[in-house]
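Residue numbers (our numbering), protein chains in the order written: chain U, 4 to 406; chain X, 4 to 406; chain G, 4 to 406; chain D, 4 to 406.
Each residue gets a CB set at the ideal place from its N, CA and C atoms; glycine is no exception.
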């Protein structure tokens with residue numbers, strides 16, 4: 004089979020973080036047969052018959068703005084969160100070191116103060132024009148693809164959340180974006196969008212697993228259309244919002260009126276530290292608040308809050324309280340507590356997204372991959388938030404054709 | 004429209020209980036415009052276009068073995084549970100009194116000790132042969148239909164749970180059942196099945212909202228086929244199991260392995276008191292334990308327990324703990340607490356079931372109504388336990404035809 | 004006994020609110036033998052032997068800035084929250100109407116925007132000098148005492164929370180306060196403190212059941228010392244903080260290190276609406292955050308949040324998550340959910356505080372009643388936050404003497 | 004100081020289990036300065052000034068009926084529960100191996116079927132007369148003390164729970180016990196009591212950290228009195244019951260009536276497996292059910308259940324629901340979930356108990372150590388279950404004298 008000889012790359016923006024660390028160990032552990040495929044949806048029978056690339060065959064690299072290595076991130080997860088067994092870490096360390104050779108310096112251009120302060124100091128003297136930043140990032144991607152003789156590279160943004168970015172007239176066309184990119188000090192695009200543009204220019208596919216802007220500006224999508232780029236996003240649906248998108252339809256299907264839905268999230272890793280910045284948090288909360296009204300068809304009283312609790316490290320605890328009304332005006336309630344590690348939940352989905360993007364690339368699809376909506380809190384160009392419907396659309400799309 | 008002049012009856016077995024009380028107040032309140040249709044699935048847009056009978060137009064009657072009146076049940080719900088507003092009770096009391104005129108003495112033939120002790124004493128000198136009991140019950144149904152000039156009557160079992168009943172060779176054919184019915188003291192069928200047979204013989208439809216046997220013996224289903232009876236059951240899916248049938252697919256669709264699922268239910272009304280009898284409880288727990296394995300496709304460690312807590316009265320609190328495994332063997336967990344009134348949740352579904360049965364009757368359907376699976380914990384002749392799939396099958400069936 | 008002929012008054016600031024409404028119904032229900040003394044600590048054997056005034060003998064009045072009557076507040080509690088039985092309301096309505104005759108217009112002088120907007124419009128043309136406001140409030144208290152021939156009146160602040168008020172040099176002596184009171188438009192004291200000063204001047208005792216300033220300015224306490232005023236506060240400890248002050252000592256006594264303690268409160272009545280104003284909320288949260296560090300002796304990571312959720316009305320739901328570390332550095336956790344009505348919890352404590360204040364008054368005690376610390380989140384002049392220790396101090400003080 | 008040269012032994016019955024494993028690692032880690040004293044109450048300032056033996060100086064040995072080694076138990080805790088860091092295990096392994104040299108074969112004489120089946124096979128040919136078993140166990144203790152030149156040995160029962168044992172006339176005096184011990188096949192005492200008697204005869208102190216009988220037969224206590232034995236028990240109060248004994252006083256002190264208190268415990272290690280035997284469970288539940296009524300002074304509706312959930316391994320999850328009534332008959336509720344490892348909680352308390360027993364031994368105290376009540380669910384000869392009161396009694400006793 005020709006597909007056996009194809010080689011694919013996974014390039015993660017924020018490769019020094021916890022999600023990337025888990026992907027790195029996971030890909031190695033899968034290759035060495037040290038772990039099962041639990042958590043990977045592409046291993047489910049409904050999606051399995053498509054000769055997807057073996058996770059262990061993926062070549063991994065990425066951009067990172069901090070000096071922390073993947074190895075250090077893995078060790079932190081073990082020591083602070085009790086995640087990832089030390090024996091597994093030992094056996095995968097060689098593979099992880101190889102990945103570390105593929106790490107390139109990211110950009111802080113247009114990054115929020117919260118992210119800058121995490122980095123500690125500006126590690127690089129950034130170019131003064133954003134267009135020059137894009138050129139450097141693009142060159143990194145091209146070098147990666149060339150050096151490892153990769154048939155295709157998928158860029159996945161797993162870096163910390165940026166504050167919300169307001170789309171204005173300048174971001175509506177690629178022409179006006181391009182003009183601004185040439186201007187010194189221009190704030191035309193936030194860092195996440197510079198990476199996205201680099202992916203487009205380098206001929207890569209692009210996935211945004213965060214609520215940051217990424218490719219979601221009309222001008223960038225227009226450029227993606229010109230270049231035939233595959234892309235998807237935004238904001239991976241790993242935990243509390245996943246549960247919401249499963250549970251809310253129950254109330255709808257039983258005609259029980261949701262009066263209010265309160266979600267309180269506490270988490271402790273770098274994601275949490277960045278979210279303790281009110282602006283970054285706003286971006287995340289906005290992303291979370293769309294789910295319920297889209298499903299039930301009206302606007303209950305929804306409150307979502309996020310707090311940074313250092314001691315939890317990579318664990319997240321979400322408490323949700325749902326106040327609902329049934330027959331004869333009776334008020335009843337349900338509450339749930341979700342205790343899980345976002346990195347552990349996200350990593351297999353990243354691998355899934357790369358495999359499904361490769362499948363779309365082989366089928367010569369282009370543009371927004373709407374069938375990947377079930378992976379995201381804010382699926383691009385998709386209004387459907389009901390998880391089961393999203394899932395069936397994924398299965399139908401994948402099995403409709405080729406492969 | 005001719006359907007405007009049609010008249011339908013709802014006959015509840017266990018009409019003195021809390022669910023019936025809520026149905027009685029609810030039907031009156033809907034007729035008088037005093038409450039909304041919240042909790043009724045037949046009012047959802049997906050099911051609404053079928054000229055279903057108005058809830059307020061249903062004529063209600065039923066069998067009861069205890070001396071407690073519907074009015075007393077309603078008052079208890081208000082005083083002990085804070086359910087059903089006293090002003091609403093006052094305004095509906097006239098309608099409720101009319102229903103009370105349609106209550107007939109039920110049978111304790113073959114009833115469990117737990118149920119007998121609730122009754123206090125055997126109110127009736129039961130016939131010695133079960134066949135004679137069936138004749139009496141049938142006559143009650145025929146009298147009800149005739150007296151109120153009803154086009155059709157739907158019998159719904161909402162009485163307390165019986166202990167599990169083991170189907171043997173005698174229950175496999177209607178012939179052998181019929182022979183045993185003529186024998187004095189025969190235990191060929193439990194009380195719930197005698198009511199079901201009476202419904203068949205009287206030309207009524209039959210719904211079993213409890214885990215008791217009801218119509219679920221091959222010999223009885225054979226008789227139903229001869230008589231063209233419509234039927235459905237068993238065990239209304241109102242609370243914790245509903246949530247399970249919504250949540251379990253999430254773990255399946257995300258390839259997260261459910262290690263164990265513990266459910267602890269505490270409740271306090273007569274349902275709880277009967278379930279404090281270990282035999283009745285066994286029947287209920289068995290019914291609840293089927294859901295998860297059927298959905299995830301393997302057998303996690305499942306424990307379901309039920310305790311009678313008098314102070315809760317009509318409120319039920321269910322705590323579920325789900326232990327699951329994700330990527331890299333990581334153990335994570337979710338827990339939920341459900342606090343609701345089963346009677347309040349069940350009542351609108353009873354009205355839905357009657358309306359949907361009338362629709363099937365108008366369409367000249369017969370036999371088990373498999374499309375009603377989403378209403379039941381143990382849907383008869385249906386292996387599907389995923390709520391969303393069940394719901395879509397209901398919507399598809401209802402909208403496929405006639406109306 | 005002479006005490007039989009003594010007559011005492013309870014004057015509530017914010018008498019139109021939910022707590023006052025519950026006190027009003029409660030006092031009437033106790034007088035008429037329609038309810039038990041559940042929730043009243045002065046009925047516990049440890050405190051019972053002191054010939055305290057019968058709750059039913061208290062004469063009630065109060066200040067209110069809104070036009071809502073007590074009767075309306077009671078009806079809202081029934082209709083929106085399912086609290087207070089309608090039959091009880093009916094039987095107590097005569098007594099409640101008598102109380103309504105003792106309601107006087109409160110002051111909005113120095114009130115926050117949040118409170119002003121709740122009132123809808125300024126009902127009164129306020130005097131321009133705060134000293135004139137105090138005079139009017141004082142006259143109301145004197146008239147109440149005189150009209151009902153009361154031996155003593157206890158003023159209790161149960162009105163909505165004010166934003167935090169910063170004590171400056173002006174508030175440090177009564178002389179400088181007095182000077183400022185005479186200045187037109189002076190912001191020397193917030194509304195809650197004007198009421199407190201009126202209580203001092205009218206010879207009443209003063210209890211602050213809210214986190215507002217009240218009497219807690221050095222200059223006001225100096226005036227109270229001159230006048231021999233009895234007082235206590237601040238911020239009634241009714242729910243989540245009560246649980247904290249009971250649970251935190253467990254971790255301390257077992258040498259388990261509290262890493263973080265997160266509390267998320269959702270509530271829906273006017274208290275909640277006022278707290279949805281960030282400034283008022285700050286005052287409340289600050290009050291709640293003192294408990295844990297004071298008990299465990301170090302500073303864990305503490306987050307307390309409050310959200311207004313209209314549908315809950317008078318119910319409050321608090322979720323607390325406690326992350327703690329045990330032997331060998333093991334991280335473990337406990338979480339609790341508290342679902343209760345603050346008004347129902349507070350009302351009997353108000354009655355207790357009045358009875359205990361009368362006891363102190365009879366014993367000719369003066370100044371801050373430190374022995375009442377167990378009733379408050381921020382007990383004045385008391386550093387002890389451990390509930391059990393506070394409780395033992397109350398019992399010891401009450402039983403040490405007189406009676 | 005002479006105490007510096009004293010040497011003390013800790014002999015654990017069930018030394019192959021999880022609690023013992025944690026004690027073994029813990030003592031080594033403390034000696035080597037690799038962990039803090041978190042979880043040890045004797046390190047609290049209130050108890051610290053008594054020159055207690057250093058944990059690291061304790062010589063450890065024990066009886067075990069299974070072939071599993073301490074090292075294997077430690078590895079299981081790491082692999083199945085994520086407890087005890089692998090680096091710590093490595094550094095303490097030498098000390099643990101030394102302890103393993105002090106393990107002697109325990110007895111299955113009179114053990115329950117549940118415990119026998121865990122052992123797999125009877126490893127030893129037991130003597131036919133229980134008296135001979137006691138002699139062998141006593142000899143093991145004497146050899147341990149002599150070999151290591153120990154000043155005193157404290158025997159602590161941390162083995163699996165036995166079924167409840169009914170005390171009859173034979174167990175009332177030591178004379179009748181002694182006679183029965185000489186009879187072949189006599190069931191006069193369960194295994195736990197044979198160990199206790201061996202401790203008495205060998206001149207050791209005895210602590211029962213389980214709900215098994217141990218020393219709690221009048222005839223054995225009489226023998227302990229003759230021999231001047233120090234002892235305490237039963238059933239370590241580590242988790243859910245600890246919380247109960249802290250929380251229940253809150254309801255009592257606030258005059259809130261506890262209507263029902265439901266506790267559902269799920270756990271997964273050997274303790275859980277033994278408790279899946281209904282008889283052993285009965286013993287445990289009985290022990291847990293005493294706390295609430297003893298504290299509140301009346302009998303609420305109390306249900307405590309325990310389920311064995313293999314996947315939890317050493318973690319225990321307890322869910323408690325408390326239904327309570329406040330002012331005006333209002334029903335409210337609180338629930339909590341406790342997620343912790345019993346072994347991690349128990350181990351430091353075992354060390355505490357040994358240290359406090361040594362202190363009592365130095366002070367020449369004898370008989371039941373009632374001041375240790377706060378460590379136990381069923382404190383021997385103590386009716387007080389309120390944790391705070393128990394704790395104050397401990398502090399007062401320890402600081403009253405000598406040291």
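Query: Reference residue 251 of chain D; option with closest CA among D/287, D/301, D/334; Result: D/301
Query: Touching by the beta-carbon criterion (3+ pairs, under 8 angstroms), the segment 16-28 of chain D and the segment 71-84 of chain D; Result: yes
Query: Any chain D beta carbon closer than 8 angstroms to residue 89 of chain U; Result: yes
Query: The segment 349-365 of chain X in contact with the segment 324-334 of chain X per 3-pair CB rule at 8 angstroms; Result: no
Query: With 16 other Cβ atoms within 10 Å as the buried cut-off, status of residue 427 of chain X; Result: Given that chain X is displayed from residue 4 to residue 406, the structure contains no residue 427 of chain X and the question cannot be resolved.
Query: Continuous alpha helix (DSSP H) stretch holding residue 229 of chain G: start and end; Result: 221-230
Query: Residue 140 of chain G versus residue 348 of chain G - alpha carbon distance; Result: 28 angstroms
Query: Extent of the continuous alpha helix (DSSP H) run through residue 31 of chain G; Result: 21-34
Query: Amino acids of chain X, ordered along the chain, whose beta-carbon sits closer than 8 angstroms to that of residue 85 of chain G; Result: 85
Query: Residue 336 of chain U classed as buried or exposed, judged by whether at least 16 other C-beta atoms fall within 10 angstroms; Result: buried
Query: First through last residue of the beta strand (DSSP E) which encompasses residue 210 of chain G; Result: 208-211
Query: Length of the line joining the Cα atoms of residue 90 of chain U and residue 317 of chain U; Result: 19 angstroms
Query: Residues within the segment 256-278 of chain U neighbouring chain X, beta-carbon criterion of under 8 angstroms; Result: 256, 257, 258, 259, 260
Query: Selection from X/134, X/92, X/108 that minimises the alpha carbon distance to residue 67 of chain X; Result: X/108
Query: Rounded distance between the beta-carbons of residue 380 of chain U and residue 244 of chain U, thought under 8 angstroms; Result: 5 angstroms
Query: C-beta neighbour in chain X for residue 28 of chain U, strict 8 angstroms; Result: yes
Query: is_contact[residue 336 of chain D, chain G] using C-beta, thresh 8 angstroms; Result: yes
Query: DSSP state of residue 253 of chain U mapped onto helix, strand, coil; Result: helix
Query: Boundaries of the beta strand (DSSP E) in which residue 308 of chain U is found, first to last residue; Result: 304-311
Query: Neighbourhood of residue 278 of chain D by C-beta distance below 7 angstroms, restricted to the same chain and skipping five residues each side; Result: 164, 284, 287, 309, 311
Query: Local conformation of residue 105 of chain U per DSSP, three classes; Result: coil
Query: Runs of alpha helix (DSSP H) lying entirely within the segment 298-382 of chain D, each at least 4 residues, in chain order; Result: 345-365
Query: Near-chain X residues of the segment 226-241 of chain D - C-beta to any C-beta below 8 angstroms; Result: none
Query: Distance, residue 271 of chain U Cα to residue 6 of chain U Cα; Result: In this prediction, residue 6 of chain U has a pLDDT of 47, which is less than 50 and means its spatial position is unreliable; what the coordinates show is noted afterwards. So the alpha carbons of these two residues sit roughly 41 angstroms apart.
Query: Residue 11 of chain X: first and last residue of the uninterrupted beta strand (DSSP E) it sits in; Result: 11-16
Query: Residue 131 of chain U to residue 187 of chain U span [Cα, whole Å]; Result: 5 angstroms
Query: Three-state secondary structure (DSSP) of residue 401 of chain X; Result: helix
Query: Sequence-distant residues of the same chain with beta carbon closer than 6 angstroms to residue 193 of chain U, five excluded per side; Result: 113, 165, 168, 216
Query: Residue interval of the alpha helix (DSSP H) (run including residue 217 of chain U); Result: It is not in any alpha helix (DSSP H) - residue 217 of chain U carries neither H nor E in the DSSP assignment.
Query: Cβ of residue 378 of chain X within 8 angstroms of any chain U Cβ; Result: no
Query: Nearest-angstrom Cα separation, counted from residue 99 of chain D out to residue 436 of chain D; Result: Summary: the structure shown does not reach residue 436 of chain D, with chain D confined to residues 4 through 406, and so no result is reported for it.
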